[in-house]
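By the working numbering, the letter at position 250 of the sequence shown is numbered 302, and the numbering carries on one by one without gaps.
Heads up, the beta-carbon is just placed ideally off N, CA and C, and yes, glycines get one too.
Everything numeric in this text was worked out from a predicted model, so none of it was measured.
Read the structure below first, then the notes.
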Amino acid sequence: MTTPGTRPVAVVTGASSGIGEATARRLASEGYDVVCAARRTERIEALAAEIGGRAVTCDVSDPAAVAALAREVGDRLDVLVNNAGGAVGLDPVATGSVEDWRAMYESNVIGTLQVTQALLPALTAAEGIIVNVGSTAGRTAYVGGGGYTVAKHGVANLTETLRLELVGTPVRITEVAPGMVRTEEFSLTRFGGDRERADKVYEGVPGPLVADDVADAIAWMVTRPAHVNIDLVVIKPRAQAAPHLVHRLAPEGN
């Protein structure tokens with residue numbers, strides 16, 4: 053285990069890109085020793101070097117990798133941001149890939165569960181806070197979103213159940229549920245690398261959220277006084293009323 057020094061310690065999973073990377077940067081700017089956890093070693097090593105944090109290669113669905121992360125963290129942890137996860141595909145339930153559904157459930161729900169279980173003793177010792185990164189998909193269903201909405205509803209219910217079970221302990225349990233966030237990889241991953249299809253998700257949308265918007269919300273949540281628990285923050289762009297209802301500008305010339 054690396055000696056963390058005197059700075060408060062934060063773990064961010066899925067820190068190799070998007071919301072996770074932005075959150076790692078933001079928490080480092082707030083004075084945290086950030087443990088950047090993700091599968092892509094090269095990316096998190098570069099990020100950790102840049103922000104003065106630590107890199108731990110970790111697939112959150114792998115119990116051995118999660119155990120190694122817990123050993124690196126040690127006995128005390130101030131902040132855990134369970135961000136690893138994502139969406140795969142946009143097929144209807146009737147024809148959706150069971151493999152894709154299983155992968156989404158493993159990364160979003162089982163991964164969050166395993167990391168939380170492994171790090172809960174350290175969070176308890178430090179009177180820490182857990183931020184689970186959910187989604188508006190965890191609160192509203194939409195056509196084609198079956199596997200992802202099921203997984204994110206699972207994250208939401210995991211969060212609420214944990215809060216009930218840990219009442220009276222010093223650990224705060226919170227969730228941030230973003231709507232449309234334009235990152236470099238989310239939609240590209242969802243559509244198997246199809247850049248044209250991924251770009252159409254954001255086509256004509258004036259001002260989708262960016263990763264820094266969500267990181268800003270997370271930083272606010274974790275820096276509230278210890279007696280304050282922000283149960284849930286739902287954050288959407290002004291142009292989005294619901295996952296299935298987004299205002300889009302007409303193409304120029306129409």
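**Request:** Please confirm whether any heavy atom of the ligand FAD lies closer than 8 Å to the CB of residue 82.
**Result:** This structure simply doesn't include the ligand FAD, nor any ligand for that matter.
**Prompt:** So residue 233 and residue 263 are in contact, right, with Cβ under 8 Å, and what is the actual spacing, rounded?
**Reply:** Start at 1 with the first residue of the sequence shown, and residue 233 comes out as number 181. Start at 1 with the first residue of the sequence shown, and residue 263 comes out as number 211. Between residue 263 and residue 233 the Cβ distance is about 6 Å, and since that is below 8 Å, they are a contact.
**Asked** To the nearest angstrom, how far is it from the Cα of residue 184 to the Cα of residue 259?
**Response** Sequence index remark: in the sequence shown, residue 184 carries index 132 (1-based). Sequence index remark: in the sequence shown, residue 259 carries index 207 (1-based). CA-to-CA, the gap between residue 184 and residue 259 works out to about 24 Å.
**Prompt:** Just how far apart, CA to CA, sit residue 302 and residue 76?
**Reply:** Position 250 of the sequence shown holds residue 302. Position 24 of the sequence shown holds residue 76. One Cα belongs to residue 302, the other to residue 76, and the distance between them is close to 36 Å.
**Request:** Provide the residue(s) that pair with residue 292 in DSSP beta bridges, ordered along the chain.
**Result:** As a first step, residue 292 is located in the sequence shown; it is residue number 240 there, counting from the start. Its beta-bridge partners are 298.
**Prompt:** If you run the structure through DSSP and keep just helix, strand and coil, what is residue 63?
**Reply:** Taking the first residue of the sequence shown as position 1, residue 63 is located at position 11. Here residue 63 sits in strand by DSSP.
**Item:** For residue 308: DSSP bridge partner residues
**Value:** Because the chain in this structure spans residues 53 to 306, residue 308 falls outside the shown range and cannot be described.
**Item:** Inter-residue CB distance, residue 122 and residue 188 (contact presumed, cutoff 8 Å)
**Value:** By 1-based counting over the sequence shown, the position of residue 122 is 70. By 1-based counting over the sequence shown, the position of residue 188 is 136. Contact check for residue 122 and residue 188: beta-carbon distance about 31 Å, past the 8 Å limit, so the pair fails to qualify.
**Request:** Check whether the Cβ atoms of residue 58 and residue 90 lie closer than 9 Å to each other.
**Result:** Start at 1 with the first residue of the sequence shown, and residue 58 comes out as number 6. Start at 1 with the first residue of the sequence shown, and residue 90 comes out as number 38. Cβ distance not < 9 Å, so residue 58 and residue 90 don't count as in contact.
**Message:** So, with DSSP's three-state summary, where would you put residue 139?
**Reply:** Residue numbering aside, residue 139 sits at position 87 when the sequence shown is read from its first letter. If DSSP states are grouped into helix, strand and coil, residue 139 belongs with coil.
**Local conformation of residue 123 per DSSP, three classes** = Here residue 123 refers to the residue found at position 71 of the sequence shown. Residue state, collapsed to three classes: helix.
**Message:** I need the DSSP call for residue 207, collapsed to helix, strand or coil.
**Reply:** One-based indexing of the sequence shown puts residue 207 at position 155. Reduced to three states, the DSSP call for residue 207 is helix.
**Asked** For the beta strand (DSSP E) that residue 132 lies in, which residues bound it at each end?
**Response** One-based indexing of the sequence shown puts residue 132 at position 80. Where residue 132 is concerned, the enclosing beta strand (DSSP E) stretches over 131-134.
**Prompt:** Among all the DSSP beta bridges, which residues are the ones paired with residue 88?
**Reply:** For the purposes of this step, residue 88 is taken as the residue at position 36 of the sequence shown. DSSP output for residue 88 lists 64, 107 as bridge partner(s).
**Asked** Ends of the alpha helix (DSSP H) at residue 228?
**Response** By 1-based counting over the sequence shown, the position of residue 228 is 176. Segment 224-230 is the beta strand (DSSP E) holding residue 228; no alpha helix (DSSP H) there.
**Asked** With a CB to CB cut of under 7 Å and the five nearest residues on each side skipped, what residues in its chain are close to residue 269?
**Response** Here residue 269 is taken as the residue at index 217 of the sequence shown, counted from 1. Result list for residue 269: 228, 285, 287, in chain order.
**Message:** As a quick exercise: from 256, 224, 295, pick the residue whose alpha carbon is nearest that of residue 275.
**Reply:** Your numbering for residue 275 matches position 223 in the sequence shown. The closest CA to that of residue 275, considering only 256, 224, 295, is found on 224.
**Close Cβ partners of residue 129 (< 7 Å) along its chain, the five nearest in sequence each way excluded** = Reading the sequence shown from its first residue, position 77 is the one you call residue 129. For residue 129, same chain residues with a beta-carbon under 7 Å away, outside a window of 5 residues either side, are 61, 63, 171, 174, 175, 178, 180 in chain order.
**Message:** Can you give me the C-alpha to C-alpha distance between residue 248 and residue 217, rounded to a whole angstrom?
**Reply:** Translated into positions along the sequence shown, residue 248 becomes position 196. Translated into positions along the sequence shown, residue 217 becomes position 165. Cα to Cα, residue 248 sits roughly 45 Å from residue 217.
**Request:** Work out the CA separation of residue 134 and residue 72 for me, nearest whole Å.
**Result:** As a first step, residue 72 must be located in the sequence shown, where it is residue number 20. As a first step, residue 134 must be located in the sequence shown, where it is residue number 82. In a straight line, the C-alpha of residue 72 is about 9 Å away from that of residue 134.
**Prompt:** Going by C-alpha distance, which of 148, 261, 265 is nearest residue 198?
**Reply:** Position 146 of the sequence shown, counted from the start, is the residue given in the question as residue 198. Closest option to residue 198, Cα to Cα, is 148.
**Asked** How is residue 79 classed by DSSP in three states: helix, strand or coil?
**Response** Numbered from its first residue, the sequence shown carries residue 79 at position 27. Three-state DSSP puts residue 79 in a helix.
**Request:** With DSSP collapsed to three states, give me the class of residue 282.
**Result:** As a position in the sequence shown, residue 282 is number 230, starting the count at 1. Per DSSP, reduced to three states, the secondary structure at residue 282 is coil, with no helix or strand assignment.
**Request:** Kindly identify the DSSP beta-bridge partner or partners of residue 261.
**Result:** Within the sequence shown, residue 261 is the residue found at index 209, counting from 1. Answer is 233, bridged to residue 261.
**Asked** With a CB to CB cut of under 7 Å and the five nearest residues on each side skipped, what residues in its chain are close to residue 54?
**Response** Here the question's residue 54 lines up with position 2 in the sequence shown. Low per-residue confidence applies at residue 54: pLDDT is 38, beneath 50, and the placement is therefore not dependable enough to give any value.
**Prompt:** Got a sec, what are the start and stop residues for the alpha helix (DSSP H) residue 250 sits in?
**Reply:** In the sequence shown, residue 250 corresponds to position 198, counting from 1. Residue 250 -> alpha helix (DSSP H) spans 247-252.
**Item:** For residue 108 and residue 87, believed in contact at Cβ under 8 Å, the rounded distance
**Value:** Reading the sequence shown from its first residue, position 35 is the one you call residue 87. Reading the sequence shown from its first residue, position 56 is the one you call residue 108. About 6 Å separates the two Cβ atoms, so the contact holds.
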